Amino acid sequence: MTYKSMPKVELHTHLEGCAPPAFIRGLAQEKLLDISGIFNSDGSYAYRDFDHFLQVYEAACTTLQSPQDFYRLTKAVLEQSAAHGVVYQETFVSPDFCGGGDMAAWRDYLAAMETAAHEAEAEFGITLKGIATCIRHFGPDAAKPSALCAVETFGDFITGFGMAGGEMAGRPGDFAYAFDMAREAGMPLTCHAGEWGGPDMVADTLRDLKVERIGHGVNAIKDVNLVAEIADTGVTLEVCPGSNVFLQATGGWADHPIQKLRDAGVKVTVSTDDPPFFATTMTDEFDMLAQTFGWEDADFKEVNETALAAAFCDDATRAKIAKRLETA
Ligand code: HPA
Ligand code: ZN
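Residue 153 is where the sequence shown starts when you use our numbering, and the numbers rise one by one after that.
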């Protein structure tokens with residue numbers, strides 16, 4: 153039994169992190185860049201732990217140097233996602249990796265991604281929206297121009313603002329200026345928290361950044377009061393079980409908190425994070441949830457509906473995707 157063909161809604165991916173290693177190697181060859189150190193002998197990405205993963209990720213990003221590179225990346229990523237049944241995907245894209253925070257360059261990169269997204273929608277039947285993201289370990293000062301880029305391009309493609317990167321760098325409140333800017337512009341917000349940080353990190357993120365979604369959030373399980381608050385306030389968790397298991401942010405599949413969070417009434421969704429880095433796909437995620445927790449069609453349907461309700465898209469897109477889920 154496999155859920156490969158079931159339609160899926162995926163909220164938490166990092167665009168560059170979805171790049172197949174062969175794609176990055178191809179770009180490196182074209183540009184005569186030697187990044188052979190980031191690959192294993194079998195061609196997969198090589199890293200020791202999360203901090204090293206972030207370094208390898210940034211090394212892979214050095215091959216992505218132009219809007220055209222991001223056009224090709226976006227096309228390749230969406231073809232892959234669609235092959236696993238994803239009909240709607242949100243992806244983090246950072247001005248830091250798309251022109252280094254320069255507004256004009258950022259607009260050019262986005263235009264290329266949007267062209268690729270429109271082509272992929274026609275060719276593969278998948279809709280993509282972007283969440284402009286600051287990078288936490290680059291610090292609060294770098295987050296401000298990223299938020300400005302986000303605000304200036306908030307619209308049909310860039311539909312939200314968020315923060316990725318090393319979760320243990322600084323405290324959430326250090327980034328309040330950037331998040332306030334985006335919120336004041338009407339942007340919906342999400343932030344990685346509670347993947348490496350404890351429940352206090354999730355609580356501070358909710359209090360200081362006032363986000364409606366949390367990336368991961370799984371360590372909230374260690375505080376029953378926080379779990380109840382998350383359930384009561386309807387904050388949605390972008391849970392990435394395969395990523396957590398691969399990086400050992402949680403125990404193995406059988407110990408993963410997604411089931412307990414769901415049982416407690418928390419809105420949980422399922423995503424891959426950076427599929428080739430964590431040896432996963434949306435098919436694998438669904439199949440493992442079925443195997444581990446006995447999830448069936450009705451459970452996956454509910455998770456898809458939860459994700460679509462929390463998606464940072466316009467209502468016309470939400471209605472269009474809802475139809476695709478219904479008629480499947
Ligand atoms: N987590 C945090 N930051 C990231 C990731 C991730 O999985 N991928 C790229 N930046
Ligand atoms: Zn992530």
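Yeah, the Cβ is synthetic: ideal placement off N, Cα and C, and Gly gets one too. Quick caveat: nothing in here was measured; it's all calculated off a predicted structure.
- By the beta-carbon neighbour count (other beta carbons within 10 angstroms, threshold 16), Val376 is exposed.
- Contact check for Phe464 and Gly169: beta-carbon distance about 18 angstroms, past the 8 angstroms limit, so the pair fails to qualify.
- Assigned with DSSP and collapsed to three states, Phe452 falls in helix.
- Tyr209 sits buried, since 16 or more C-beta atoms from the chains shown fall within 10 Å of its C-beta.
- In the structure shown, Thr357 falls within a helical segment according to DSSP collapsed to helix, strand and coil.
- Sequence-distant Cβ neighbours of Cys392 in its own chain, meaning closer than 7 angstroms and more than five residues away, are His164, His368, Ser423, Thr424, Asp425.
- Taking the CA atoms as reference points, Pro173 sits about 32 angstroms from Glu448.
- In this structure, the ligand ZN has a non-hydrogen atom nearer than 6 angstroms to the beta-carbon of Asp425.
- Taking a contact as a CB-CB distance under 8 angstroms, the pair Arg288 and Glu319 counts as one, their CB atoms being some 7 angstroms apart.
- Between the beta-carbon of Phe452 and that of Tyr155 there is about 7 angstroms, and that keeps the pair under the 8 angstroms contact cut.
- Each residue's CA atom was taken as its position, placing Glu242 and Glu271 some 16 angstroms apart.
- If you draw a straight line from the Cα of Ala302 to the Cα of Gly253, it is about 10 angstroms long.
- At least one heavy atom of the ligand HPA lies closer than 6 angstroms to the C-beta of Gly317.
- For Ala284, the enclosing beta strand (DSSP E) starts and ends at 279–287.
- Note that the C-beta distance between Gly307 and Pro340 is not below 7 angstroms.
- For Leu262, there is no enclosing beta strand (DSSP E); the enclosing alpha helix (DSSP H) has its first and last residue at 255–276.
- Inter-residue distance for Ala198 and Ile190 is about 5 angstroms (C-alpha atoms, whole angstroms).
- Lys160: member of the beta strand (DSSP E) spanning 160–166, first to last residue.
- As computed with DSSP, Cys343 is found in a beta bridge with Met315, Ile366.
- Each of Ala471, Phe276, Leu460 was checked against the Cα of Glu162, and the nearest Cα belongs to Leu460.
- Gln181 has its alpha-carbon roughly 12 angstroms from the corresponding atom of Thr214.
- Secondary structure at Val238: strand, using DSSP grouped into helix, strand and coil.
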